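The block underneath contains the structure these notes are about, expressed in structure tokens.
2 protein chains.
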Amino acid sequence: MKSYFKVHPWKVIEEGFDPQYNEVAESVFAIGNGMMGQRANLEESYSGHTLQGTYVGGVYYPDKTRVGWWKNGYPEYFAKVINSTYWSGIVLKINHELVDLNNATIHQFYRELDMFNGVLNRRSTITLNNGIEVTIESTRFYSLINKEYSALRYRVKTNQNCEVSLTNYLDGDISNKDSNYDEQFWLEESQESTSNELHLLVRTKKLDWLLATSCVAQFFLDGEAFSPEPQHSVKSKYAESTYSFSLSGGHEFVFVKHVISASNFNHPNDAVLIHAKNAVKKMASSTFESHLEMSSKAWNEKWNNHDVVVEGDDAAQQAVRFNIYHLNQTYCGDDPRLNIGPKGFTGEKYGGSTYWDTEAYCLPFYLVSSHSSISKQLLVYRYKQLDKAIENAAKLGFNKGAALYPMVTMNGEECHNEWEITFEEIHRNGAIAYAIYNYIEHTGDRTYLAEGGLEVLLGISRFWAQRVHWNNRKQRYEMHGVTGPNEYENNVNNNWYTSYIAMWCLKYTKEATEFLQSKFPQIFAEIGRKTSFDAASELQKWEHIMQYMYLPFDEQEQVYVQHDGFLDKELIPVNDLPAVDRPLNQKWSWDRILRSVYIKQADVLQGLYFFEDDFDIEAHKRNFLFYEPFTVHESSLSPCVHSILAAKIGEFDKAYEMYLRTARLDLDNYNNDTEDGLHITSMAGSYLSIVQGFGGLRIKNQHLQLSPNLPKEWKKYAFKILYHNQPVNIEVSEKQICISNLGESPIEFSLYDQPHHLGAAQTHVFTR
Amino acid sequence: MKSYFKVHPWKVIEEGFDPQYNEVAESVFAIGNGMMGQRANLEESYSGHTLQGTYVGGVYYPDKTRVGWWKNGYPEYFAKVINSTYWSGIVLKINHELVDLNNATIHQFYRELDMFNGVLNRRSTITLNNGIEVTIESTRFYSLINKEYSALRYRVKTNQNCEVSLTNYLDGDISNKDSNYDEQFWLEESQESTSNELHLLVRTKKLDWLLATSCVAQFFLDGEAFSPEPQHSVKSKYAESTYSFSLSGGHEFVFVKHVISASNFNHPNDAVLIHAKNAVKKMASSTFESHLEMSSKAWNEKWNNHDVVVEGDDAAQQAVRFNIYHLNQTYCGDDPRLNIGPKGFTGEKYGGSTYWDTEAYCLPFYLVSSHSSISKQLLVYRYKQLDKAIENAAKLGFNKGAALYPMVTMNGEECHNEWEITFEEIHRNGAIAYAIYNYIEHTGDRTYLAEGGLEVLLGISRFWAQRVHWNNRKQRYEMHGVTGPNEYENNVNNNWYTSYIAMWCLKYTKEATEFLQSKFPQIFAEIGRKTSFDAASELQKWEHIMQYMYLPFDEQEQVYVQHDGFLDKELIPVNDLPAVDRPLNQKWSWDRILRSVYIKQADVLQGLYFFEDDFDIEAHKRNFLFYEPFTVHESSLSPCVHSILAAKIGEFDKAYEMYLRTARLDLDNYNNDTEDGLHITSMAGSYLSIVQGFGGLRIKNQHLQLSPNLPKEWKKYAFKILYHNQPVNIEVSEKQICISNLGESPIEFSLYDQPHHLGAAQTHVFTR
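The listed protein sequences derive, respectively, from chains A and B.
Numbering-wise, the numbering used here puts 326 at position 326 of the first sequence, and it's gapless, one number per residue.
For the numbering used here, count along the second sequence from 1 and bump the result up by 768.
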């Protein structure tokens, strides 16, 4: 698989068509605008392997849970990403022969994802079985301006005179490959095919999501508009118009499809279809090209705020932009009800859309790369789901407003049912509190505590205060039955990371209450009433826990102990394992993995990453050098944290090695699963490896700190960030570091712990 | 539900028909002969709730596994108990009205399970909607003589002249309620309806099990044979004959159905149907009554060997006989390929048929109650599956002939897929070794070691030797990632019971090798070659493990510790829990159960029960008094072990309390799940509570030890056992103990540790 796609600084390129990579390419070339998106399915019919996927943010389906053995506390339904109306398809026949790349001779195939402009282009030349040579050029995009608009331009040229039949259709009769009971999720509402328009309204079987898709078709012949007469046809959940006309050899016709996808996520039920109909007509009154230009401009501006440049390593350059591109096409902070799904709009695998990845990996990306309002939406998302988190905790026996956020969710309800994860991988709750802290560190926006932050923190801290128990024999608090970030161990006692973040939550919540109490006493009183917060007794209890919480530490190794019993294992480093045993998750039975010392992703080290200022550099080194050799990095989220920490402790080779393991994960299909969709959230980790790792960037107490180093494989790298919402460019080369304040206000920052000042529009060059 | 069935020393009686108990009654009244069996479905049509179930031993289906989240090592298919051709149904119409108890006025309904004779009787009088009063008397049994034969006698009387239509049918178009993908398991082969015979041959979709069912119908009118002319009809997997005739009011007709069910479990493929046809004709040449009489006699003889008499407590009397009856109808040791399913022939729930229950609870029942050849079959069953157990272990990464017997199985392959059970509840392996030891203790048949016993022991010990690991920091062997018998804790380290039984296996296997080496050197050499057993190095390794194995013990409480971390829990006794929290498995989320101290069934105490001679009575007391208060007994297998141990340490009230919790589990439908089938294996536990608990019976080194006590609620109890394959009766009353040697050879035994001798046919009375 390696190097199937061509390297280019701004593009991902496929030259030549290999059907066995078609589904991988469909994932890699996916496009979207943060509100909706689509896999790169070929427009015309394709009889080879393909995974059709078109997704509209916020529209989901509560699929009935399928489990082997039921456990009390499991949810009955899971919100599932729902594959929806397929708008970009056409049926093309030339002299009655179906155009199908799987049944033709392909002379040329070129596909590119133009990341700078956010557009998907394809050019293919084929000879049909009837001998006619056909050249197709298609261009498709989702508008970054009108978030309900997407469009296709499809150019066709033949080498001889022929009869063309082109069927334009909207297909709402869509199945989810990933449905638990082969159930179809969509019901018919209405379908219409009239003049050059198609309109489809479908409804989900449950929850009554309505999705209207309206399209206007346009034809051009040799650059001139022309109007072949369509034949209309509809059936349940499907509408089409078929256009038949003659095409002279060497001439080109262009088919343009303007599409609006609108749902009752954003419109009243009875307005959804009408809105779509009106909006598409309005959009069709401007050209495809003008819409594309506006959208491209918006993409260009995004890049202007957070591009990363790598010189001397084209593959790395392409990779980091690929990751930034997909993070942006997945989430733009448009709506606090949306979040960052593990596959974004590139696949339907996994129920739910929100993991702790959002807070631990994605939020830091948006915090340094985007306007603070975008990050805030991610916080508000959790605030809006606080009631559900409280319900979720109540279901597990917690009370008094304790909140447990789900492991995986769409609408706040749990979408996962492995007991060792669902009920035990509770450190996620800590990450959600940490995100509030992190946001305030970057933005200084402590008023968010009054707007919802404190309520979330209270729910989370109340959960921790109930989740620990008093070990009377040892006179200390312990936390049993947890699964740390290392999912290769389950149901352990006193996982250091979980206990540490729990303690930290209590401490931070206490500080937050004190802040609100002093700065916003009235709001604090309101929140107290709303949440029945008994400050005196609850804070006293938390103090007691903080004082007596057990955090395992090993005197011999001078390291924090991952959990009770970890050091009782067979302590053989990963490098001493036979190569045939790797990856463990494919080669070993589950019990063997669990019993082993091998770590899937940062666990103790995740704690050091989050709370680095609590530990000195020697503690960082000891723990890193102890744990990393046992770490197999079989989670796509593992290498980035290790890369950042390795850079911090000066292990630059290790930092680069770790960086390489995520950067091209999907581009090179390392895990052989890119066909299911992309690993969106781990893309943020790969970005952070550069910016926080090599760049040594931190923003603490709204102050920018930098301590860059340059991987010896690179000549130079540069990254733009938004600091106090204004752009700053940091360029690191062998001899110098060049920092440019691109904004209109002066900035303060530290470089290698030395404070500096930089005026508006100023650049300063530091010699390394 | 309590007391729905009437108390009677030898019968279970239902008086009056309550449709909501119909499925419970179908389970309770089930009949079988150890080779096949059936739920007590009503013969005529019934439109109310019913769970039809007819099962043929050995015939199973590999149902595709359904899991939520796949783990490496899970099996793809599970053997499932298969519901098969329904032979006992008829369709009865009186003046064209269907007889259906759900659509008639019931005047009288009486159903009894006659346990002494192994027969199911029913009498009902109803008035149809057309005003005709109908009295039905049915009698059904599975022959204990011809294990392929079952029969029905169905008497009908009406209060006025009427037209009768009776359809006799065989229905092979049967679904499993419990199939994972609603798949039908049976395919058509052939069906035939001719003269008074019906013949059906069906085949399973997978594995090609063939089941032939042949029946001969007979009619009698007022005691005389008569021959109404049948109308024949067949369709796929179904054959019927309909008989129409006039019946005068006050007269009685009798319909008799002789049935042979034969499968390729016992016959060559091409002989199955022919055999069934011939056999049924032969059986039909004798009367229903004569077959019933012979079968009853065989049942009477069984009772003669292992009846338990309780005086002064009719409910207890009925209960213990109910349990003995069902154990006998489930398993008679006919075939080493059969075993004791958790629901026997009374339901289809749960895949597979064999749990460690067989070795831990059922085998001890058969060892004291039945000829030693029956117990031996249970050992041979596991020997025959040794190859599969070795494959199973290999799948999990073990090698060199290590064997892990499955948690649940039919044919030796694993039928369970919860990782914490399938991969971790490995103490089951120990129970299988213990069964060999236990069998030899009872029978003295050490030659079984040469016949297969040693090979099984070797496989099991090799597994343990690989499953432990060396804790280098603590210089000891540990066993991580196990689930003990207490399934309310999963994935723990150093479960005392598991580690103890593992050690014991190594020790016993070592002894067994030494025995064979000295007594059967040639066989030992052969086994060594066959298993590549390297005695010197393997035994040395085992010695090292035995020397350095970690077995957690708490100095403060002076008890064995259930596992690392158990004493770090919140140690609140069950009695201090609010009543609303019980049973925990319904009221608490799974994680809360796991984190709690509460024990589902004997864990450390299971070890004390198995290896009682390794521990003094004070250790028994300390451990019992420490662990029992944390035990919720939410497994039907829990109370019996506690009852036996409580009796041993003189806690007689506790012993009786525990006895009561299992004795009438199904008769009184305590767990509200009797409709799914009976809890067959726990029935053995209830028997052992009396014989080993109150009776204090042990057979060690082929020597009978007794130390009876009498529950104060009882006047007297007695139990017959087979000791050295001859019957002995032990009768315990307030003042005396009466022991009768009913056999033809003298016996030696101990009573309260005093040795005694009893000649053939002698009785000795001891004053208490």
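Heads up, the beta-carbon is just placed ideally off N, CA and C, and yes, glycines get one too.
Note that this is a predicted model, so its numbers are computed, not measured.
With a beta-carbon spacing of about 5 Å, B:N929 and B:G1017 fall inside the 8 Å limit used to define contacts. In the three-state DSSP reduction, B:S1357 falls in the coil class, being neither helix nor strand.
Annotation for B:N1091: M1451, S1454, Y1455 place their beta carbon closer than 7 Å to its own, counting only its chain and skipping 5 residues before and after.
Around the beta carbon of B:S1053, fewer than 16 other beta carbons lie within 10 angstroms, which makes this residue exposed. Assignment of A:W87 by DSSP, reduced to helix, strand and coil, places it in the coil class. Within the DSSP bridge table, the entry for B:F909 names B:A919 as partners.
Assignment of B:L1465 by DSSP, reduced to helix, strand and coil, places it in the coil class.
Taking 8 Å as the CB threshold, A:S589 lines the interface with chain B.
From the beta-carbon of B:G836, the residues of chain A found nearer than 7 Å are R66, V67, G68, N417, E418. When C-beta distances to chain B are compared with 9 Å, the residues of the stretch 490-509 of chain A below that value are N490, N491, V492, N493, N494, in chain order. In the structure shown, the three-state DSSP call for B:C930 is strand. Close CB contacts of B:S1064 within its chain, under the 6 Å cut and outside five residues either way in sequence, are with N885 (chain order). Contact annotation, B:G1165 with A:S589: C-beta distance approximately 5 Å; criterion of less than 8 Å satisfied. Within chain A, the residues S589, W590, D591 have their CB atoms less than 7 Å from the CB of B:F1191, given in chain order. Around the beta-carbon of A:E543, fewer than 16 other beta-carbon atoms lie within 10 Å, marking it exposed. In the displayed model, B:I1194 falls within coil according to three-state DSSP, outside both helix and strand. The three-state secondary structure of B:E880, taken from DSSP, is strand. The beta-carbon of B:D1332 is placed less than 8 Å from the nearest beta-carbon of chain A. Listed along chain A, no residue sits closer than 9 Å to B:W1124 by beta-carbon distance, the nearest being about 18 Å off. Close partners of B:G1249 in chain A (Cβ separation under 7 Å): D591, L594, R595. When the Cα atoms are used, B:D941 and B:Q806 turn out to be separated by approximately 16 Å. Within chain A, the residues D568 have their CB atoms less than 7 Å from the CB of B:N1239, given in chain order. If only uninterrupted alpha helix (DSSP H) runs of at least 4 residues are considered, those enclosed by the stretch 425-474 of chain A are 427-443, 454-467.
Taking the CA atoms as reference points, B:P1110 sits about 36 Å from A:M407.
Within the DSSP bridge table, the entry for A:W186 names A:T204 as partners.
Residues of the stretch 1156-1174 of chain B with a Cβ closer than 8 Å to any Cβ of chain A, in chain order: K1163, L1164, G1165. As summarised for the stretch 249-304 of chain A, the continuous beta strand (DSSP E) elements at least 3 residues long and confined to that stretch are 252-263, given in chain order. When Cβ pairs closer than 8 Å are counted between the two stretches, the stretch 1009-1027 of chain B is seen to touch the stretch 930-939 of chain B, the count reaching three or more. The beta carbon of A:E748 is closer than 6 Å to those of H757 in its chain, skipping five residues each way along the sequence. From the listed residues B:N897, B:G1463, B:V835, B:Y1118, the smallest Cα separation to B:N851 is found for B:Y1118. In this structure, the beta-carbon distance from A:A298 to A:S214 does not fall below 8 Å. Residues of chain A whose Cβ lies closer than 7 Å to the Cβ of B:E1246 are, in chain order, D568. DSSP places B:G940 in the coil class of the three-state scheme, outside both helix and strand. Counting only the Cα atoms, B:V1022 lies some 20 Å from B:S961. CA-to-CA, the gap between A:L327 and A:H371 works out to about 15 Å. Secondary-structure assignment with DSSP links B:C1130 through no beta bridge to anything.
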